[in-house]
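Report on one structure; see the data block that follows.
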Amino acid sequence: MARSASPSSKSSHSKTSRSRLRSPRSLSPKQATADKSVLSTSSIKAARKTVLDLLAIPGISGQEKQVAETIRKKLLAAGCPAKAITFDKANTKTPLAGNCGNLIVKLAGTLRGPRRLLMAHMDTVPVCEGTVPVVKGNVIKSGNPATGLGADDRAGCGVILSTAIDILEQGLDHPPLTFLFAIQEEVGLWGARFVKAADLGRPKLAFNFDGGAVDKLTIGATGGERLDIIVDGIPSHAGVAPEQGVSAIAIASLAIASLVEDGWHGLVEKGGKRGTSNVGVINAGAATNVVAERAVLRAEARG
């Protein structure tokens, strides 16, 4: 993201004429080196305070409204146009009834280029509720031994919020930007599942800031699904009338054999794509003299 200083006013992010849009290639050497000011001591201190403020707010999945309102107020204080900040209605579609939707911030660009999306999620797991963040040297810890810190993902929210604030307060040139503060990530990625691309401005590039090593950049990930499978048979005495029964174990075995024979078990390579599948757990039968009435299988598929 280009981050050179510009004398443009704070309102220019929402009211920029096409004649003022520039390509990053047109920046002078002086402008190109101006981003050093972005990480000034004052910016770092402000970013730390932002993270501490966010960490201290309770906001488990479905209860993110207070976090969202804090973020909204900080953006407005930095000069963000009110109309650039919106809430969608993702919370009305999620299994867990939530008290707010995704918070979306869209800034028009002062530089030409594809729209970028920067995102993080606002909710934390329940063990983080009631945390008291404290600073020890260069480390932020939970001052309450009974709670987690909640850096997953208030740290991510702090990163993208501080980025937006610096852009707004310093009048930095930038391409079109969207900031997404998502809801209900910890319980199934529901905020991200139900956000609409149109509401985000259909960004071409996306950067998600979540828990993990600060020097790790993930550019791809394998998706996966886990399955619980129940096979019902017909029980019968295996020594007296086995022909009257239908073995759930036999049915499950035939199904697995078919997967193996057709290339759908283990390494799966189909249509130029690659994935894996595995039936890893089978529980079935009650005794050797009974045709198995039920088999319960657990499997997974990745791709």
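The numbering of the sequence shown is my numbering, which starts it at 7 and goes up by one.
Positions of the beta carbon are idealized from the N, C-alpha and C atoms, including for glycine.
In this text the structure is predicted, and so the values were computed from the model without any measurement.
For residue i, tell me which candidate among the options has the shortest Cα-Cα distance.
| i | options | result |
| --- | --- | --- |
| residue 93 | 81, 74, 84 | 74 |
| residue 136 | 124, 64, 98 | 64 |
| residue 157 | 270, 131, 182, 171 | 131 |
| residue 56 | 113, 170, 125, 115 | 170 |
| residue 238 | 289, 203, 244 | 289 |
| residue 291 | 279, 274, 243, 275 | 243 |
| residue 175 | 47, 84, 102 | 84 |
| residue 106 | 144, 66, 168, 114 | 66 |
| residue 186 | 222, 71, 91 | 91 |
| residue 189 | 275, 128, 258 | 128 |
| residue 47 | 172, 275, 184, 279 | 172 |
Taking the straight line between their C-alpha atoms, what separation do you get for residue i and residue j?
| i | j | result |
| --- | --- | --- |
| residue 50 | residue 205 | 31 Å |
| residue 95 | residue 108 | 7 Å |
| residue 53 | residue 69 | 24 Å |
| residue 149 | residue 59 | 14 Å |
| residue 33 | residue 177 | At residue 33 the pLDDT is 40, less than 50, meaning the model places this residue with poor confidence and gives no usable figure here. |
| residue 215 | residue 254 | 46 Å |
| residue 111 | residue 210 | 16 Å |
| residue 277 | residue 269 | 12 Å |
| residue 266 | residue 293 | 28 Å |
| residue 248 | residue 100 | 48 Å |
| residue 121 | residue 202 | 15 Å |
| residue 273 | residue 283 | 7 Å |
| residue 98 | residue 285 | 35 Å |
| residue 145 | residue 220 | 13 Å |
| residue 197 | residue 302 | 32 Å |
| residue 126 | residue 62 | 17 Å |
| residue 86 | residue 116 | 15 Å |
| residue 234 | residue 103 | 26 Å |
| residue 236 | residue 256 | 13 Å |
| residue 264 | residue 222 | 40 Å |
| residue 224 | residue 119 | 23 Å |
| residue 179 | residue 165 | 18 Å |
| residue 71 | residue 279 | 41 Å |
| residue 184 | residue 161 | 18 Å |
Can you name, in chain order, every residue of its own chain whose Cβ lies under 8 Å from the Cβ of residue i, other than the five neighbours on each side?
| i | result |
| --- | --- |
| residue 240 | 250, 251, 252, 297, 299 |
| residue 88 | 82 |
| residue 2 | Any answer about residue 2 is impossible in this case: the structure gives the chain only from 7 up to 309. |
| residue 208 | 121 |
| residue 260 | none |
| residue 27 | Note that residue 27 scores 46 on pLDDT, short of 50, meaning its location in the model is unreliable; the coordinates nonetheless yield the value given after this. Once the five neighbours on either side are set aside, the close Cβ partners of residue 27 are 115, 116, 117, 118. |
| residue 271 | 262, 265, 283, 284, 285 |
| residue 140 | 146, 147, 148, 149 |
Round the Cβ separation of residue i and residue j to the nearest angstrom and send it over; I've been treating them as touching at under 8 Å.
| i | j | result |
| --- | --- | --- |
| residue 77 | residue 134 | That belief does not hold up - the Cβ atoms of residue 77 and residue 134 are roughly 17 Å apart, past 8 Å. |
| residue 200 | residue 123 | Rounded, the Cβ-Cβ distance is 16 Å, inconsistent with contact. |
| residue 217 | residue 159 | 6 Å |
| residue 142 | residue 155 | About 12 Å separates the two Cβ atoms, so there is no contact after all. |
| residue 295 | residue 245 | 5 Å |
| residue 80 | residue 167 | 6 Å |
| residue 114 | residue 182 | 6 Å |
In chain order, what residues of the same chain have a beta carbon less than 6 Å from the beta carbon of residue i, not counting five sequence neighbours either side?
| i | result |
| --- | --- |
| residue 232 | 306 |
| residue 309 | 281 |
| residue 138 | 149, 150 |
| residue 192 | 67, 129, 131 |
| residue 287 | 304 |
| residue 262 | 285 |
| residue 275 | none |
Ignore the nearest five residues each way along the sequence and tell me which others in residue i's own chain have a CB closer than 7 Å to its CB.
| i | result |
| --- | --- |
| residue 42 | Since pLDDT at residue 42 reaches only 46, below the 50 mark, its modelled position is unreliable, and no value is offered. |
In chain order, what are the residue ranges of uninterrupted beta strand (DSSP E) at least 3 long that sit wholly in the stretch 223 to 306?
230 to 238, 272 to 276, 279 to 290
Considering only residues of the stretch 37 to 118, which uninterrupted beta strand (DSSP E) runs meet the minimum length of 3 residues and lie entirely inside it, listed in chain order?
91 to 93, 109 to 113
What are the complete beta strand (DSSP E) segments, minimum 3 residues, inside the stretch 160 to 192?
183 to 188
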